[in-house]
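A.B. asks: Here you go, one structure.
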Ligand SMILES: Cc1cc2nc3c(=O)[nH]c(=O)nc-3n(C[C@H](O)[C@H](O)[C@H](O)COP(=O)(O)O)c2cc1C
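Residue numbers (my numbering): 646 to 989.
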């Protein structure tokens with residue numbers, strides 16, 4: 646029997662395990678398959694905004710399709726992740742507001758989605774401007790931060806849970822580098838709302854550490870790429886499994902730096918920037934490079950985000966085994982540490 650580690654996070658949603666799969670959107674990736682498996686396994690899965698540059702009708706079809714896929718595979722709760730940062734023009738990109746509307750509309754039209762799609766996770770910029778809409782739609786609002794200051798601001802805005810994500814995370818990371826081991830305890834000390842730790846977590850030890858930080862669970866991204874349920878291109882999965890410490894780098898994203906694996910695409914992007922390309926040209930180039938990796942499996946000329954934790958991921962696992970193994974393993978670690986310690 647799987648151990649149980651109830652926390653304020655599991656109680657908030659009535660789920661079994663304090664393990665979340667956080668949003669992973671970029672290019673033509675989708676996370677519906679992963680999200681369904683994580684929620685079915687007792688954690689919390691998230692659907693992600695696929696291609697922020699896609700034309701709205703296509704973006705809505707893909708996003709709604711992911712929500713429906715999850716609801717068709719499990720009757721457990723799940724989340725939708727929507728980045729809300731500002732781009733180079735200083736405005737929240739239209740796709741963010743659109744995606745929030747897709748969620749609200751889909752829940753109005755589909756009772757299964759209304760029941761199960763319980764959370765919107767925002768990230769990339771302050772949650773204030775979206776807070777009322779999310780609350781009034783009857784959704785829980787989780788918000789991802791990279792600093793204690795941002796955590797306090799999110800709490801003041803009234804969010805229900807904070808995801809504290811350290812600089813080693815994959816995807817859009819933060820402009821000021823505060824790593825998980827420092828950020829986690831700082832944030833749990835500073836705020837009253839439940840906290841999930843994110844950035845660099847891949848197994849039971851990470852979950853046990855998060856609970857020791859005073860957090861209510863973990864939110865992972867990169868670990869879920871190398872799972873049997875992941876529909877990501879096999880070349881990406883293979884590259885994640887091969888990744889060594891130091892293979893990751895930062896490159897300019899929409900809202901700030903993105904952490905991904907260093908390759909020819911990152912070099913070409915930097916060259917384009919150095920040669921004075923306009924923001925629009927750069928955005929267009931990046932959008933194509935993000936699609937290329939999933940569509941063609943080109944891990945050299947495609948851009949793809951991954952966290953430093955890829956260096957510790959060496960095998961493809963089944964999501965139910967991963968989630969239950971993390972919980973059993975963390976419970977065993979905490980029980981062992983609480984017992985008498987052998988002195989040598
Ligand atoms: C491929 C990829 C895409 C990501 N896209 C998003 C996104 O669209 N929105 C978001 O809030 N975070 C995004 N992230 C960050 C994750 O939600 C999560 O915070 C991060 O992966 C945690 O760090 P880890 O990779 O060490 O587990 C992405 C991460 C990866 C690896």
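We put the CB at the ideal spot given by N, CA and C, even for glycine.
Measuring alpha carbon to alpha carbon, tell me which of 815, 836, 755, 690 ends up nearest residue 765.
C.D. replies: 690
A.B. asks: Only counting the same chain, and skipping five residues up and downstream in sequence, which positions put a Cβ closer than 7 Å to that of residue 824?
C.D. replies: 811, 812, 813
A.B. asks: Ignoring anything shorter than 3 residues, give me the beta strand (DSSP E) runs that lie fully in the segment 667 to 701, in order along the chain.
C.D. replies: You should have 690 to 692.
A.B. asks: Measuring only between beta-carbons, confirm whether residue 732 sits less than 9 Å from chain B.
C.D. replies: Here there is only one protein chain, and chain B is not present.
A.B. asks: Roughly how many whole angstroms lie between the Cα atoms of residue 703 and residue 937?
C.D. replies: Near 18 Å, if we compare the C-alpha coordinates of residue 937 and residue 703.
A.B. asks: Tell me, please, whether the segment 909 to 927 touches the segment 835 to 843 by the rule of three or more beta-carbon pairs shorter than 8 Å.
C.D. replies: At 8 Å Cβ cutoff, the stretches do not touch.
A.B. asks: On the criterion of 16 or more Cβ atoms from any shown chain inside 10 Å, does residue 783 qualify as buried, or is it exposed?
C.D. replies: exposed
A.B. asks: Less than 8 Å separating the Cβ of residue 813 from some heavy atom of ligand 1?
C.D. replies: yes
A.B. asks: Tell me the start and end of each unbroken beta strand (DSSP E) in the segment 874 to 936 that is at least 3 residues and wholly inside, in chain order.
C.D. replies: 893 to 897, 902 to 906
A.B. asks: Rounded to whole angstroms, what is the Cα-Cα separation between residue 923 and residue 914?
C.D. replies: 12 Å
A.B. asks: Could I get the ranges of all uninterrupted beta strand (DSSP E) runs contained in the segment 704 to 754, with 3 residues as the minimum, in chain order?
C.D. replies: Here the runs fully enclosed are 723 to 728.
A.B. asks: Span of the alpha helix (DSSP H) holding residue 971?
C.D. replies: 964 to 983
A.B. asks: From 745, 878, 721, pick the residue whose C-alpha is nearest to that of residue 781; which is it?
C.D. replies: 745
A.B. asks: Could you check if residue 777 is buried or exposed, using at least 16 other CB atoms within 10 Å of its CB as the buried criterion?
C.D. replies: exposed
A.B. asks: Would you call the CB atoms of residue 655 and residue 869 closer than 9 Å?
C.D. replies: no
A.B. asks: Below 6 Å CB to CB, which residues in the same chain sit around residue 902 once its five sequence neighbours on both sides are set aside?
C.D. replies: 818, 895
A.B. asks: Please indicate yes or no: does the CB of residue 949 lie closer than 8 Å to some heavy atom of ligand 1?
C.D. replies: yes
A.B. asks: To the nearest angstrom, how far is it from the Cα of residue 986 to the Cα of residue 980?
C.D. replies: 11 Å
A.B. asks: Find out if the Cβ-Cβ distance for the pair residue 673, residue 661 is shorter than 9 Å.
C.D. replies: no
A.B. asks: At the level of alpha carbons, what is the spacing between residue 959 and residue 754?
C.D. replies: 42 Å
A.B. asks: Reducing DSSP to helix, strand and coil, say where residue 756 ends up.
C.D. replies: helix
A.B. asks: Can you give me the C-alpha to C-alpha distance between residue 671 and residue 692, rounded to a whole angstrom?
C.D. replies: The alpha-carbon separation between residue 671 and residue 692 amounts to approximately 12 Å.
A.B. asks: Can you give, in chain order, each stretch of the alpha helix (DSSP H) that sits fully within the segment 780 to 841 and has at least 4 residues?
C.D. replies: 793 to 802, 825 to 835
A.B. asks: Consult DSSP for residue 765 and reduce its assignment to one of helix, strand or coil.
C.D. replies: strand
A.B. asks: Could you tell me the alpha carbon to alpha carbon distance between residue 891 and residue 954, rounded to whole angstroms?
C.D. replies: 11 Å
A.B. asks: Spatial neighbours of residue 759 within its chain, please: C-beta separation below 6 Å, excluding the five flanking residues on both sides.
C.D. replies: 752
A.B. asks: Looking only at C-alpha atoms, which of 795, 722, 879 sits nearest to residue 940?
C.D. replies: In this structure, 879 is the residue among 795, 722, 879 with its C-alpha nearest to the C-alpha of residue 940.
A.B. asks: Compute the beta-carbon to beta-carbon distance between residue 873 and residue 961, rounded to the nearest angstrom, for a pair I have assumed lies under 8 Å.
C.D. replies: Confirmed, Cβ separation roughly 6 Å.
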